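Written below as structure tokens is the structure these notes are about.
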Amino acid sequence: MSLLAPLFLAGLAAMVAPVLWHLIRRRPQETAPFPTLMFLEPTPPRMTKRSRLEDLLLLALRLLMLALVALAFARPYFGKPTVTASSGEETRKRLVLVDVSASLQRPGLWDAALERAEAALRELTAPDLAEVWVFDESMRQVFGAESWRQGPVAERATRALDALRKEKPGWKSTWIGRALVSSVEQLEALRTTGGAGIDKLEVVLISDFQAGSHLDGLAGHNWPKGLEVKLEPVSRGALGNASLQWIGDAEGLSSPGAAATGQRVRVQNHAKSKSQELRLGWVKPGSTTLVGKPVTIQVPPGQSRTLVAPAKEGGEEVEALWLDGDETAFDNKLYRVVNEEESLNVLALSDETAAGGSSMLYFLKRALVETGRHKFQLIHKRGGEALLPGELAAARSMVLMEPVSEEAWRAAGEFLAAGKTVMAALRGTGAAPALAKLAGVDQLPISESTGGDSILSRLDWDHPVLAPFAEARYGDFTRIRFWKHRKIDVSAIPGARAMAWFDQGDPAMVEIPVNKGRMLLLTSGWHVEDSQLALSSKFVPLLYRVLEWSGVIVDQPTQYRVGAEVSIGPGKEGETRRWSAPGGVETVLASEVSRQRVDAPGIYQLSGAGKPRRFAVNLAPAESRIEPMPSDELERLGVPVKAVPLETKTAEAGSSEKRAMQEAVAEFEGRQKGWRWFLAAAIMVLVVETLLAGWFGTRTAVAA
Amino acid sequence: MDPRALMAIQNLEWRARVVVEGFWSGLHRSPYHGFSVEFSEYRQYAPGDDPRFLDWRLYGRTDRHFVRKFEDETNLRCFLLLDLSKSMDYASRGVLKADYARTLAATLARFLHLQGDAVGLLSFDERIREAVPARNRPGHLRRLMLALEKECGGVGTDLATPLKRLLEILKRRSLAVFISDFMSPLDGFELPLGTLRAGGHEVVVFQIADPMEEDLDFGDTVRLKDLETGREIDLDAPTFRERYRAKRAAHRQALEAICARHGTAVRVLRTDTPLEWALLDFLKARRQRGRGNAARM
Numbered sequence: 001m002s003l004l005a006p007l008f009l010a011g012l013a014a015m016v017a018p019v020l021w022h023l024i025r026r027r028p029q030e031t032a033p034f035p036t037l038m039f040l041e042p043t044p045p046r047m048t049k050r051s052r053l054e055d056l057l058l059l060a061l062r063l064l065m066l067a068l069v070a071l072a073f074a075r076p077y078f079g080k081p082t083v084t085a086s087s088g089e090e091t092r093k094r095l096v097l098v099d100v101s102a103s104l105q106r107p108g109l110w111d112a113a114l115e116r117a118e119a120a121l122r123e124l125t126a127p128d129l130a131e132v133w134v135f136d137e138s139m140r141q142v143f144g145a146e147s148w149r150q151g152p153v154a155e156r157a158t159r160a161l162d163a164l165r166k167e168k169p170g171w172k173s174t175w176i177g178r179a180l181v182s183s184v185e186q187l188e189a190l191r192t193t194g195g196a197g198i199d200k201l202e203v204v205l206i207s208d209f210q211a212g213s214h215l216d217g218l219a220g221h222n223w224p225k226g227l228e229v230k231l232e233p234v235s236r237g238a239l240g241n242a243s244l245q246w247i248g249d250a251e252g253l254s255s256p257g258a259a260a261t262g263q264r265v266r267v268q269n270h271a272k273s274k275s276q277e278l279r280l281g282w283v284k285p286g287s288t289t290l291v292g293k294p295v296t297i298q299v300p301p302g303q304s305r306t307l308v309a310p311a312k313e314g315g316e317e318v319e320a321l322w323l324d325g326d327e328t329a330f331d332n333k334l335y336r337v338v339n340e341e342e343s344l345n346v347l348a349l350s351d352e353t354a355a356g357g358s359s360m361l362y363f364l365k366r367a368l369v370e371t372g373r374h375k376f377q378l379i380h381k382r383g384g385e386a387l388l389p390g391e392l393a394a395a396r397s398m399v400l401m402e403p404v405s406e407e408a409w410r411a412a413g414e415f416l417a418a419g420k421t422v423m424a425a426l427r428g429t430g431a432a433p434a435l436a437k438l439a440g441v442d443q444l445p446i447s448e449s450t451g452g453d454s455i456l457s458r459l460d461w462d463h464p465v466l467a468p469f470a471e472a473r474y475g476d477f478t479r480i481r482f483w484k485h486r487k488i489d490v491s492a493i494p495g496a497r498a499m500a501w502f503d504q505g506d507p508a509m510v511e512i513p514v515n516k517g518r519m520l521l522l523t524s525g526w527h528v529e530d531s532q533l534a535l536s537s538k539f540v541p542l543l544y545r546v547l548e549w550s551g552v553i554v555d556q557p558t559q560y561r562v563g564a565e566v567s568i569g570p571g572k573e574g575e576t577r578r579w580s581a582p583g584g585v586e587t588v589l590a591s592e593v594s595r596q597r598v599d600a601p602g603i604y605q606l607s608g609a610g611k612p613r614r615f616a617v618n619l620a621p622a623e624s625r626i627e628p629m630p631s632d633e634l635e636r637l638g639v640p641v642k643a644v645p646l647e648t649k650t651a652e653a654g655s656s657e658k659r660a661m662q663e664a665v666a667e668f669e670g671r672q673k674g675w676r677w678f679l680a681a682a683i684m685v686l687v688v689e690t691l692l693a694g695w696f697g698t699r700t701a702v703a704a
Numbered sequence: 001m002d003p004r005a006l007m008a009i010q011n012l013e014w015r016a017r018v019v020v021e022g023f024w025s026g027l028h029r030s031p032y033h034g035f036s037v038e039f040s041e042y043r044q045y046a047p048g049d050d051p052r053f054l055d056w057r058l059y060g061r062t063d064r065h066f067v068r069k070f071e072d073e074t075n076l077r078c079f080l081l082l083d084l085s086k087s088m089d090y091a092s093r094g095v096l097k098a099d100y101a102r103t104l105a106a107t108l109a110r111f112l113h114l115q116g117d118a119v120g121l122l123s124f125d126e127r128i129r130e131a132v133p134a135r136n137r138p139g140h141l142r143r144l145m146l147a148l149e150k151e152c153g154g155v156g157t158d159l160a161t162p163l164k165r166l167l168e169i170l171k172r173r174s175l176a177v178f179i180s181d182f183m184s185p186l187d188g189f190e191l192p193l194g195t196l197r198a199g200g201h202e203v204v205v206f207q208i209a210d211p212m213e214e215d216l217d218f219g220d221t222v223r224l225k226d227l228e229t230g231r232e233i234d235l236d237a238p239t240f241r242e243r244y245r246a247k248r249a250a251h252r253q254a255l256e257a258i259c260a261r262h263g264t265a266v267r268v269l270r271t272d273t274p275l276e277w278a279l280l281d282f283l284k285a286r287r288q289r290g291r292g293n294a295a296r297m
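Here it is as structure tokens:
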């Protein structure tokens with residue numbers, strides 16, 4: 001039997017205690033009175049074995065128990081470890097994972113991280129293999145295993161470090177969970193391809209382990225056998241921080257109303273923060289000097305305050321709010337962009353009057369309400385009214401409500417030819433010739449349905465207009481009753497596509513491509529004589545969905561977080577799109593690029609595709625939570641964390657052979673876990689001793 | 001009655017009353033019915049009997065003539081010799097030997113007083129502490145009780161002193177009840193005892209003992225302090241127990257031998273023994289003495 005921690009055998013000295021106690025207890029502790037000592041003589045405890053030690057069985061049990069506990073702590077193991085350090089076969093596959101998230105931008109942290117990485121790389125021996133990766137929201141390789149293998153042994157660590165030194169902390173969030181899981185996958189892949197002898201996997205995770213780190217995916221992950229994760233925290237001590245966030249979603253923030261009244265921000269102060277008097281004001285790009293009239297706020301540590309941001313002063317250059325007075329500055333800037341309100345002209349062609357509650361126009365007028373970002377302008381034209389050329393060009397969308405004059409249909413044709421979208425609803429069969437002409441067919445028979453009441457029994461969820469309703473909770477259209485509808489033969493129109501059908505099998509909605517444009521034809525009106533469509537909760541979403549589909553409404557948020565992908569849509573032929581990032585970097589986007597990632601906070605601009613689009617990018621709020629996470633958080637989530645820090649280990653172990661031997665022995669002992677048996681035996685002895693002592697005590701009491 | 005329960009009664013007089021009344025009620029149901037110190041029994045009148053002793057009340061009830069039969073026509077004089085030395089101030093099971101002895105003395109005093117006998121007291125340690133002459137006046141019992149309640153004192157015990165004092169004061173044939181733990185050398189005890197007995201006085205000896213001092217039942221080594229002298233010794237009780245018991249038995253045998261030589265017996269009372277038993281013992285002793293006397297007469 002050998003021992004992993006033989007120093008604990010010093011605990012055997014504790015065995016002297018019970019012997020002493022057994023002896024000492026023979027000495028009278030107190031003086032008892034007695035009537036007379038005439039029959040008594042002094043008899044001090046004799047030095048014979050019998051008089052010194054009684055209850056030998058109990059004494060023996062107590063000694064045995066202490067011996068077992070001491071042995072358990074000494075971590076005994078049997079036999080010899082099969083892996084020897086000098087064999088040279090024991091190799092490690094170490095993945096050094098360095099945090100480059102925004103919180104590492106705090107002064108000193110990156111240098112500390114580099115030092116840790118250096119220690120982790122330099123302690124590796126010739127047969128070991130290493131890779132260096134950095135991570136924030138995602139992971140990327142800095143120095144690969146192949147480069148490590150190919151380099152001279154003496155220069156491997158230096159080369160890897162040189163590669164790492166080229167990296168800098170960015171602005172993205174810390175996703176430790178994602179990084180750990182990915183790194184383990186990398187290691188596993190290398191284990192399978194790395195050949196024999198590589199069976200010890202190590203991840204050295206160098207991070208500030210801030211509370212705002214995302215640990216998703218760690219719980220319940222199946223960690224491979226033989227993996228060890230060593231945590232190398234870098235920190236600057238318990239520094240406090242105050243952070244700044246907009247309140248509300250991107251939509252609300254960019255609304256004109258909010259711009260007029262000022263916007264609300266939340267200032268959150270860290271519990272360990274020493275400063276509680278903060279100032280909030282606007283700054284110019286690249287500056288931290290507050291301009292205009294900053295406000296002073298008191299936020300006690302651990303609390304948050306919501307306030308209206310001070311009015312923007314200082315001209316167009318001013319683009320960010322700055323929180324002044326806290327201990328950590330990397331997250332103190334908050335950018336903002338407010339889009340101008342957009343006016344959208346919708347041309348409504350109908351002979352109805354909007355006064356009556358039963359008309360389609362009545363419902364259309366009420367559905368197109370002003371939102372924070374869009375202001376609809378409904379231009380109503382009756383059959384006899386002439387359309388001005390400018391009106392047709394300015395209109396973004398057209399709604400055609402039958403019956404209308406031939407003039408109106410001609411205008412619709414022009415509208416479609418311009419590549420725009422027309423939404424038409426049939427109220428009778430009279431539009432058949434105009435529609436046939438528009439669709440480019442000789443004849444398009446339209447007839448009134450005689451089947452009576454009907455419902456929408458089938459919808460094509462793949463169609464872009466209906467796709468948002470595909471979810472079960474939104475997709476129930478069966479409650480909408482249709483009293484009347486018109487039959488139309490979709491197959492007679494080239495390129496037409498039905499997207500909704502009545503229960504009799506007649507198409508309810510049909511998409512008809514005309515020239516460059518598209519027509520959405522409804523075979524029933526939404527007024528009360530035809531259907532309940534306008535009264536249903538589906539009407540307004542459906543209408544807005546048609547407007548979005550036709551490109552009238554474009555959802556363009558103005559606030560993003562660092563790391564988000566901004567959807568910019570595909571470019572059109574012949575136009576040059578320019579992407580301006582903060583700091584004046586401008587790139588020309590290829591036409592196929594439809595998404596662009598934002599990696600740094602600031603104001604971005606996309607120009608060349610119509611009206612220039614501006615948006616603000618800010619840090620993710622979680623990144624501001626720089627207080628350290630609980631030390632055992634990763635262990636709690638099941639990550640096989642190795643407790644021995646790198647530095648301690650390197651300091652303790654003089655040579656790599658000795659170190660390797662120690663590790664091999666520790667691993668060997670870890671597999672046997674002999675200490676558990678010794679501890680279990682000690683507990684058993686304790687139970688027996690307790691029972692015996694109790695029994696002896698009872699016997700003595702009875703005898704007395 | 002358990003002595004510990006009895007000792008919970010603070011007032012000595014009440015304690016004595018409890019014992020005596022309990023004893024009486026037990027006695028009336030017991031085969032010892034008719035016992036008393038002097039009063040023996042009724043017997044039918046026979047010609048020649050002194051008509052003074054006719055029980056007229058009984059005659060009134062039963063229409064028969066009875067005479068009360070007395071073994072001794074004169075009233076008894078009794079002296080209680082009570083050891084109140086410091087060695088009596090010991091209790092291992094909650095009952096002080098001194099309290100037990102006091103209660104025994106008080107019980108006897110009350111019992112005899114009720115019988116119309118005169119009771120006196122001599123309490124002692126190495127010298128006489130309290131001396132109350134034998135009387136049978138109203139209020140005398142109260143005085144006795146007050147004297148009995150005196151605390152233990154003294155650093156030693158002299159067993160001869162009270163006997164010698166008794167010899168000085170006794171004029172008539174009397175009864176001496178000697179109550180002590182006899183935890184002192186017996187030298188000098190025999191001579192006054194013999195003198196007393198030779199003078200026709202009766203002596204009843206009670207030895208009060210505590211269970212612990214009987215058995216020396218300390219489980220382990222113990223440091224003991226002599227209550228009287230204050231001397232301390234370390235004692236390995238388990239190893240010394242047998243020798244102690246032997247020495248103590250020898251001492252008791254010596255005491256019994258002394259008493260036996262002078263026609264009296266030693267009655268050992270452990271403090272865990274009910275006091276009624278002591279009283280019964282006392283009456284038995286008296287009865288035997290009476291018979292012995294009669295036999296001698």
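Protein chains in written order, with our numbering: chain P, 1 to 704; chain A, 1 to 297.
Beta carbons are placed, not taken as given, at the ideal position from N, Cα and C, and that holds for glycine.
Remember, it's a predicted structure, so these values are computed and weren't measured experimentally.
How would you call residue i, buried or exposed, if buried means at least 16 neighbouring beta carbons within 10 angstroms?
i       : result
A281(P) : The residue asked about is misnamed: residue 281(P) is Gly in this sequence, not Ala. That one is buried.
V598(P) : buried
D63(A)  : exposed
R50(P)  : Its pLDDT being 47, under 50, R50(P) is placed unreliably by the model, and nothing is read from it.
F282(A) : buried
P47(A)  : exposed
K312(P) : buried
M65(P)  : buried
M1(P)   : exposed
Taking the CB atoms as reference points, tell me whether residue i and residue j lie closer together than 9 Å.
i       : j       : result
V205(A) : F240(A) : no
L278(P) : Q298(P) : yes
G527(P) : F363(P) : The sequence as given places His at residue 527(P); Gly does not occur at that position. Closer than 9 Å, so yes.
L392(P) : L347(P) : yes
K97(A)  : D181(A) : yes
E623(P) : S183(P) : no
L84(A)  : A101(A) : yes
D99(P)  : L205(P) : yes
Counting only beta-carbon separations shorter than 9 Å, does residue i have a partner in chain P?
i       : result
D99(A)  : no
E202(A) : no
T62(A)  : no
Y244(A) : yes
K171(A) : no
Would you report the Cα separation of residue i and residue j, rounded to the nearest angstrom?
i       : j       : result
V203(P) : A160(P) : 16 Å
G240(P) : P294(P) : 22 Å
A432(P) : V465(P) : 25 Å
K487(P) : R479(P) : 21 Å
With a threshold of 9 Å between beta-carbons, can residue i be considered close to chain A, or not?
i       : result
P18(P)  : no
E228(P) : no
Is the CB of residue i under 9 Å away from at least one CB in chain D?
i      : result
A32(P) : No chain D appears in the structure shown, which is made up of the protein chains P and A.
Any chance you could list the beta strand (DSSP E) runs of at least 3 consecutive residues sitting entirely within the stretch 447 to 506 of chain P, in chain order? 454 to 459, 486 to 488 and 497 to 502
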